[in-house]
Amino acid sequence: MLRIYMSYILVVLGFTGSAFAQDAKQIIQRAEDAIKGKVSSHSIMEMTIKTPDYTRTMKMESWTSGTSKALVKILSPAREAGNRTLKLGNDIWMYLRNTETTIRIPPSMMLQSWNGSDYTYDDMVREETLTEDYSITVIGNEKIADVECWKLQLIPKPNAPVVWGKIPYWVRKADDLLAQVEYFDEKGQLMRTMVMSDFKAMGGRKVPAVWTMYNADKTHSTEIKMDDASFDVRIPDRIFSLKELEK
3 MLRIYMSYIL VVLGFTGSAF AQDAKQIIQR AEDAIKGKVS SHSIMEMTIK TPDYTRTMKM
63 ESWTSGTSKA LVKILSPARE AGNRTLKLGN DIWMYLRNTE TTIRIPPSMM LQSWNGSDYT
123 YDDMVREETL TEDYSITVIG NEKIADVECW KLQLIPKPNA PVVWGKIPYW VRKADDLLAQ
183 VEYFDEKGQL MRTMVMSDFK AMGGRKVPAV WTMYNADKTH STEIKMDDAS FDVRIPDRIF
243 SLKELEK
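Residue numbers for the sequence shown follow the numbering used here, beginning at 3 and rising by one.
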């Protein structure tokens, strides 16, 4: 009788396992859709890499379509302008303008630094699909920058083609926007932390305009600042092609 009563209470409160898991998945999906669009996105960004030895800045333009297509083009400085990274299905390519060379990036390099930054190839073209490749649970509530957030934990599903062993993920309750992400390797060691800030209206929605990635000991970091963005707009298919990559 007690078991039946407790089951009833859990159902009334919405704490059944399947419902709670579904809520967690929906939280992640809303946060992801907010920053990349449900269908497509186009943005102008500035990336600043800070190390103990130097600081350098790049201007970039990016296009995405769903989770299978993405193109990132460097606009400045002049010595790197024209370099591009393309994701087309499961293939990732990099074009180097100075040498007019096109390189296919193998899966083993997905965690390598993208252009000397704290972001990887995987980050820049969003290889992973969080809601498909990870089991997601809400594990608590915490404040990030004095804003109440859901704290979720993402664990890779068996045989999922992912690179991280665990991802704690914080989403702001007030607006479903991503606040912070931590990336742990398969041995359980914290490798990187990404912090979102400067939340403001852009492209008809509220977004975190600044994304800062710190390495584990915070000796260097990379900041991406979104200068302009549009979401769920029509992007010609020709944008996501080897011809466009080498243009």
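Idealized CB from N, CA, C, for every residue including glycine.
If you compare alpha carbons, which of the options is closest to residue i?
{"i": "P79", "options": "R32, G167 and N117", "result": "N117"}
{"i": "G270", "options": "D230, L156, P109 and I237", "result": "Look at the range of the chain in this structure, 3 to 249, and you will see that residue 270 is not part of it."}
{"i": "S223", "options": "I29, S137, T50 and I37", "result": "T50"}
{"i": "M193", "options": "I37, M60, D93 and S115", "result": "S115"}
{"i": "T131", "options": "I30, S64, W172 and M228", "result": "I30"}
{"i": "M228", "options": "P160, D219 and P210", "result": "P210"}
{"i": "P109", "options": "D93, A147, T101 and G39", "result": "D93"}
{"i": "I146", "options": "K175, T103 and G39", "result": "K175"}
{"i": "W172", "options": "K202, E144 and T59", "result": "E144"}
{"i": "G39", "options": "K249, M204 and R106", "result": "M204"}
If you drop the 5 nearest sequence neighbours on each side, which residues of the same chain put their C-beta closer than 8 Å to that of residue i?
{"i": "K189", "result": "G167"}
{"i": "A83", "result": "I76, L77 and R99"}
{"i": "T57", "result": "T50 and I51"}
{"i": "K208", "result": "A36, D177, L179, F201 and K202"}
{"i": "T103", "result": "Y97"}
Identify, in the order they occur along the chain, each residue of the same chain with its Cβ nearer than 7 Å to the Cβ of residue i, setting aside the five sequence neighbours on each side.
{"i": "M112", "result": "T122, Y123, D124, E129 and V165"}
{"i": "R240", "result": "E246"}
{"i": "S32", "result": "Checking the sequence, you will find Arg at residue 32 rather than Ser. The residues are D178."}
{"i": "N85", "result": "I76, Y97, L98 and R99"}
{"i": "S119", "result": "M49, I51 and T224"}
{"i": "T221", "result": "P54"}
{"i": "T91", "result": "Note on residue identity: the sequence assigns Gly, not Thr, to residue 91. Correct list, in chain order: S70."}
{"i": "S243", "result": "none"}
{"i": "N157", "result": "The question names Asn, but residue 157 in the sequence shown is Ile. Y136, S137 and K168, listed in sequence order."}
{"i": "G142", "result": "K153"}
{"i": "M126", "result": "V74, T87 and W116"}
In the DSSP output, which residue or residues are listed as bridge partners for residue i?
{"i": "L73", "result": "W65 and L88"}
{"i": "G190", "result": "In DSSP, G190 forms no bridge with anything."}
{"i": "V41", "result": "Answer is none; V41 lacks a bridge partner."}
{"i": "T104", "result": "Y97"}
{"i": "E48", "result": "K61 and K227"}
{"i": "G142", "result": "K153"}
{"i": "K202", "result": "V209"}
{"i": "V173", "result": "W152 and L180"}
{"i": "F233", "result": "S43"}
Spatial neighbours of residue i within its chain, please: CB distance less than 6 Å, with the 5 preceding and 5 following residues excluded, ordered by chain position.
{"i": "L88", "result": "L73, W95 and L247"}
{"i": "K61", "result": "E48, L77 and S78"}
{"i": "T133", "result": "K27, I30 and Q31"}
{"i": "V197", "result": "Q182 and T214"}
{"i": "D187", "result": "G167 and M193"}
{"i": "S64", "result": "S45 and V74"}
{"i": "T195", "result": "E184 and Y216"}
{"i": "S199", "result": "V212"}
{"i": "I226", "result": "M47, M49 and W213"}
{"i": "A162", "result": "D135"}
{"i": "R106", "result": "W95"}
Since I believe residue j is in contact with residue i (beta carbons under 8 Å), could you give me their beta-carbon distance rounded to a whole number of angstroms?
{"i": "P170", "j": "Q155", "result": "6 Å"}
{"i": "D35", "j": "V140", "result": "D35 to V140, Cβ: 18 Å. No contact."}
With a threshold of 8 Å between beta carbons, is residue i in contact with chain C?
{"i": "C151", "result": "Among the protein chains of the structure shown there is no chain C, as only one such chain exists."}
Practice task
Take every Cβ of the segment 145-153, pair it with every Cβ of the segment 181-200, and state whether three or more of those distances are shorter than 8 Å.
Solution key: Two segments are said to touch when three or more pairs of C-beta atoms, one from each, lie closer than 8 Å; by this definition the segment 145-153 touches the segment 181-200.
Problem - the segment 220-238 in contact with the segment 36-46 per 3-pair CB rule at 8 Å - result: Using a C-beta cut-off of 8 Å, the segment 220-238 makes contact with the segment 36-46, since at least three inter-stretch Cβ pairs fall below that distance.
Handout entry: Segment contact flag, the segment 208-219 with the segment 58-74, C-beta cutoff 8 Å, min 3 pairs
Key = When Cβ pairs closer than 8 Å are counted between the two stretches, the segment 208-219 is seen not to touch the segment 58-74, the count staying below three.
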